[in-house]
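As they're listed, the protein sequences go chains A and B.
Counting the first sequence from 1 gives a position; this note's numbering is that position plus 61.
Counting the second sequence from 1 gives a position; this note's numbering is that position plus 61.
There are 2 protein chains.
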Amino acid sequence: MKGTLVERSEAVMPAGVHFVGAHPIAGKEKTGVAEGSDLLFKGARCIVTPTKSTDPQALERIKQLWEETGSIVLTMDPHLHDQILGAVSHLPHVAAFALMNALADVRDRQLPSLDLARHSGGGLRDTTRIAASSPEMWRDIFLWNRGNVVSLIEKYQQALEELKHLIKAGEAAKIEQALERAKGEREKLNAGSAVAV
Amino acid sequence: MKGTLVERSEAVMPAGVHFVGAHPIAGKEKTGVAEGSDLLFKGARCIVTPTKSTDPQALERIKQLWEETGSIVLTMDPHLHDQILGAVSHLPHVAAFALMNALADVRDRQLPSLDLARHSGGGLRDTTRIAASSPEMWRDIFLWNRGNVVSLIEKYQQALEELKHLIKAGEAAKIEQALERAKGEREKLNAGSAVAV
């Protein structure tokens with residue numbers, strides 16, 4: 062997506078006009094002017110995606126602009142951006158959307174007394190917060206980054222299959238090991254910023 | 062789990078002692094006395110699980126006890142409890158643990174420049190908050206509720222497979238439909254309480 066977007070945009074710029082890709086890793090599941098906040102970018106990462114043909118002065122100006130919003134600027138190749146964002150953002154969105162739909166199916170097809178709002182706690186609510194994101198926007202992101210997203214969903218399917226297999230087989234020690242690993246990785250996230258995306 | 066637990070506990074109670082199962086839908090991903098809070102149960106649901114042989118007076122006392130902590134008490138058959146908690150709590154935990162492990166695999170095996178803490182925003186953090194939960198406790202929960210958990214993971218795998226198929230096939234309108242459904246279900250959750258579990 063950033064890869065294609067940057068290539069196409071660079072190709073159509075008139076002489077003297079420079080294109081520099083940038084992606085602030087900040088946002089909310091809600092959209093629109095009323096949801097705006099002047100603190101949204103503060104402490105958040107912003108990925109700037111220069112290529113070999115990016116004008117150095119234009120790059121500096123764009124980096125400065127994002128720094129002035131309070132962002133921490135990272136620079137990255139646009140194709141690498143798509144792989145990394147696929148992992149840290151697009152896959153979690155797929156996971157959250159699919160989880161809501163799976164639970165709705167369970168309720169509709171086999172467990173009519175399941176009342177998701179009434180029976181759930183903060184765990185389900187946090188895990189699926191981003192499933193309330195814009196369907197139009199996420200449809201486009203999934204399609205633009207299709208290759209990476211599909212391959213990442215497959216990795217996730219493998220991890221789920223492994224955990225399911227261990228539970229089915231009653232492999233207590235290996236289940237605990239898998240959960241320990243996940244917990245360790247999750248705790249390392251707390252070192253980063255805490256801005257919604 | 063509650064099903065088996067309640068049956069076994071009722072069977073071993075001495076004369077004049079009554080067992081009543083209860084499950085407060087409140088908790089944190091952190092454990093230990095230092096993490097305690099006198100507001101933990103306030104506004105949270107507590108599921109009390111009587112059976113045909115539950116003593117009515119004992120049931121009333123247990124319900125009162127939980128109401129005094131500020132909980133909203135629901136009563137439910139213990140086997141139904143296991144199906145419902147499997148859906149609203151155990152499956153989201155599986156989803157979060159597996160997501161962390163899948164991302165760690167992606168980083169370790171194909172994308173070494175992926176830095177989960179540095180590149181992620183609040184989306185990944187919220188989606189995986191409960192992956193920091195106790196591995197010992199969740200190992201046991203998954204095994205005690207094995208039948209329901211395995212069947213729920215399979216529903217989730219189906220929902221993921223469907224979404225992956227639509228993305229792979231470029232089915233824009235159907236992707237949007239699937240995301241709309243998830244968003245609608247997620248927004249209905251906001252009507253409930255917002256206590257961690």
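Think of the CB as a built atom: it goes at the ideal place given N, C-alpha and C, for glycine as much as any other residue.
Extent of the continuous alpha helix (DSSP H) run through residue i
i, result
"residue 134 of chain B", "Not the alpha helix (DSSP H): residue 134 of chain B falls in the beta strand (DSSP E), residues 133-136."
"residue 226 of chain B", "207-230"
"residue 162 of chain A", "152-170"
"residue 145 of chain B", "139-146"
"residue 95 of chain B", "Unbroken run through residue 95 of chain B: none, as it is neither H nor E."
"residue 100 of chain B", "First-last for residue 100 of chain B: undefined, no H or E at that position."
"residue 72 of chain B", "63-73"
"residue 179 of chain B", "177-180"
"residue 187 of chain A", "183-188"
"residue 124 of chain B", "117-129"
"residue 239 of chain A", "233-250"
is_contact[residue i, chain A] using C-beta, thresh 9 Å
i, result
"residue 66 of chain B", "no"
"residue 96 of chain B", "no"
"residue 130 of chain B", "no"
"residue 189 of chain B", "yes"
"residue 211 of chain B", "yes"
"residue 231 of chain B", "yes"
"residue 103 of chain B", "no"
"residue 140 of chain B", "no"
"residue 127 of chain B", "no"
"residue 168 of chain B", "yes"
"residue 134 of chain B", "no"
"residue 93 of chain B", "no"
Per DSSP, cross-strand counterpart(s) of residue i
i, result
"residue 83 of chain B", "B:109"
Cα-Cα separation, residue i to residue j
i, j, result
"residue 64 of chain B", "residue 143 of chain B", "7 Å"
"residue 104 of chain A", "residue 226 of chain A", "40 Å"
"residue 166 of chain B", "residue 150 of chain A", "16 Å"
"residue 189 of chain B", "residue 77 of chain A", "45 Å"
"residue 239 of chain A", "residue 66 of chain A", "38 Å"
"residue 258 of chain A", "residue 138 of chain B", "Bear in mind that the predicted position of residue 258 of chain A carries a pLDDT of just 42, short of 50, making it too unreliable to give a figure here."
"residue 187 of chain A", "residue 187 of chain B", "5 Å"
"residue 237 of chain A", "residue 203 of chain B", "10 Å"
"residue 72 of chain B", "residue 135 of chain B", "24 Å"
Neighbour flag for residue i against chain E, beta carbons, 9 Å
i, result
"residue 240 of chain A", "Of the protein chains in this structure, namely A and B, none is chain E."
Interface flag, residue i vs chain B, CB-CB below 9 Å
i, result
"residue 114 of chain A", "no"
"residue 203 of chain A", "yes"
"residue 159 of chain A", "yes"
"residue 246 of chain A", "yes"
"residue 70 of chain A", "no"
"residue 290 of chain A", "As shown, chain A starts at 62 and ends at 258. That puts residue 290 of chain A outside it, with no answer to give."
Under 9 Å between C-beta atoms of residue i and residue j
i, j, result
"residue 214 of chain B", "residue 221 of chain A", "yes"
"residue 133 of chain B", "residue 180 of chain A", "no"
"residue 185 of chain A", "residue 177 of chain A", "yes"
"residue 90 of chain A", "residue 192 of chain A", "yes"
"residue 100 of chain B", "residue 131 of chain B", "yes"
Residue i Cβ short of 8 Å to the ligand FAD heavy atom set
i, result
"residue 201 of chain B", "The ligand FAD is not among the ligands present in this structure, which contains no ligands whatsoever."
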